[in-house]
Each structure stands twice: as C-alpha cells, then as structure tokens.
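First up is the structure itself, then whatever we jot down about it.
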Amino acid sequence: GFECYIVQADVSDSQQVEKLFKEISDVCETIDVVVNNAGLGYFRPTGSYTESEYDRMFDTNVKGSFLVSQMALPLMKKQASGHIVMITSDVAKRVFAGGALYCASKHAQDAFASALRKEVRPFGIKVTTIMPGLTDTFFGDTQQGAPEKKGWLKPSDIAQTVMFAVSMPAHVLIDEILVHPMEQEIA
C-alpha cells in the first residue's frame, strides 16, 4: 500500500516550498513520489496579457515544478530512488490560438522534465511527464461536472495514470504519457 502526505503551499514561493519539505521531512524518512500538479492558465489573445499574468503563470507552471523538484532531489539522491511526476498538458506537444502563454509554459515545463530526467537517472530517480487533454476540473474558472464536460477525463483518470507510472518495477521508466478523452480530436 501507499501512504500519502499532503501539505498546502504556494509552489512559486521558495520559502513556502522549503517549509513544505521541512514539514514532510519531520514526518517522513523517505520521499518515494513527488507529483508536480500545480497549474494556472489564462486564455486570451497574446496582446491582452499583463506582465503580472505572464509572471504568475510561469512562476506557477514552470518555477513551481523547478522549486519542488529541486527540494526533493537531495532526499531522493540520498535514498538512491524516487519518482518525480510532472502533470503538464497535452499542449506541451501542440499549440492553440488564444493560449500562447499557457502553451509556452507547458512546453517549458516539459523541457525541464526531459532535461531533469537525463540528470537524475544515474541516481536511480525517475521523472515521468503526464500530459492530459480535456479534464473535468475547475481549471480556467469553469464548473466541474458541467454538461459540456460529460465525456472529458476525470481527475480519477489522471490519478490512475499517475499510479500506473509510479507502480512500475524499478527497472522500468515511463518517460511520458499523453492521455485524452475519446471525444477530443488531436491535431
């Protein structure tokens, strides 16, 4: 079985991330899995974004994954194992109009995960990127369970995908998983 410990923090704030890992290390001797799932998106034409919106999106989506991963690595290196999971987006592999900054942040997060995977593999640490398509959440100020989201992925689908990746034997590394609802057309 698995034991899960959850701590709330603003992942874009290095002091809060340090506090988060202090709290975790007070309770846990090892860290087997870290899931970087924080995400933020604004969806408008490029000319309508403010600099603060740009900063907030990249601080959450990219810097947050960096800070959390950076704090987890010393513990994982010490135990010579661990698994970092990045929940990015299918737009890490494609783009769409009205989502330039979000797409760019997810491409950056994917590139970070790919480079990190190469860096930490010699230490027995795995990095898996999971790229969901349309998912029925509150993301983007939408209502979870809205009728138009009926065929979309559920959060439990993504959780099951994470469990699949982290449950592989030690000699198996799943680099990335692209997952979509059946109704979503992919260009």
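Quick note: the sequence shown, position 93, residue 1252 per this note's numbering, numbers continuous. Where is the CB? At the ideal position from N, CA and C, for every residue including glycine.
Asked                                                                                                                                                                   : Found
Rounded to a whole number of angstroms, what is the C-alpha to C-alpha distance between F1282 and M1322?                                                                : 22 angstroms
Which value, in whole angstroms, describes the spacing of the CA atoms of S1228 and K1313?                                                                              : 26 angstroms
Whose C-beta lies closer than 6 angstroms to the C-beta of V1286 among residues of the same chain, with five residues either side of it excluded?                       : I1243, A1272, L1275, R1276
Between which two residues does the beta strand (DSSP E) containing L1337 stretch?                                                                                      : 1335-1338
Taking only the alpha-carbon atoms, compute the straight-line gap between A1324 and Y1213 and give it to the nearest angstrom.                                          : 31 angstroms
Does the region 1194-1214 touch the region 1231-1247, meaning 3 or more C-beta pairs lie closer than 8 angstroms?                                                       : yes
Evaluate Y1164 with the Cβ neighbour count: other Cβ atoms within 10 Å of its Cβ, from every protein chain shown; 16 or more gives buried, anything less gives exposed. : exposed
Under a Cβ-count criterion, where at least 16 other Cβ atoms within 10 Å of its own Cβ denotes burial, should S1264 be classed as buried or exposed?                    : buried
Which of the three DSSP states is assigned to V1192 in this structure?                                                                                                  : strand
Would you grab the beta carbon distance between D1218 and S1173 for me? Rounded to a whole angstrom, and I think it's under 8 angstroms.                                : No, D1218 and S1173 are not in contact; Cβ-Cβ is about 10 angstroms, not under 8 angstroms.
Spatial neighbours of A1251 within its chain, please: C-beta separation below 6 angstroms, excluding the five flanking residues on both sides.                          : K1265, H1266, D1269, M1290
Taking only the alpha-carbon atoms, compute the straight-line gap between T1189 and L1234 and give it to the nearest angstrom.                                          : 7 angstroms
In angstroms, rounded to a whole number, what distance separates the CA positions of D1316 and L1337?                                                                   : 12 angstroms
What are the boundary residues of the alpha helix (DSSP H) that T1320 is part of?                                                                                       : 1314-1325
Cβ of G1292 within 8 angstroms of Cβ of F1202?                                                                                                                          : no
Could you give the DSSP three-state label for T1296: helix, strand or coil?                                                                                             : coil
For the putative contact between G1241 and A1231, defined by C-beta atoms under 8 angstroms, what is the C-beta separation to the nearest angstrom?                     : 7 angstroms
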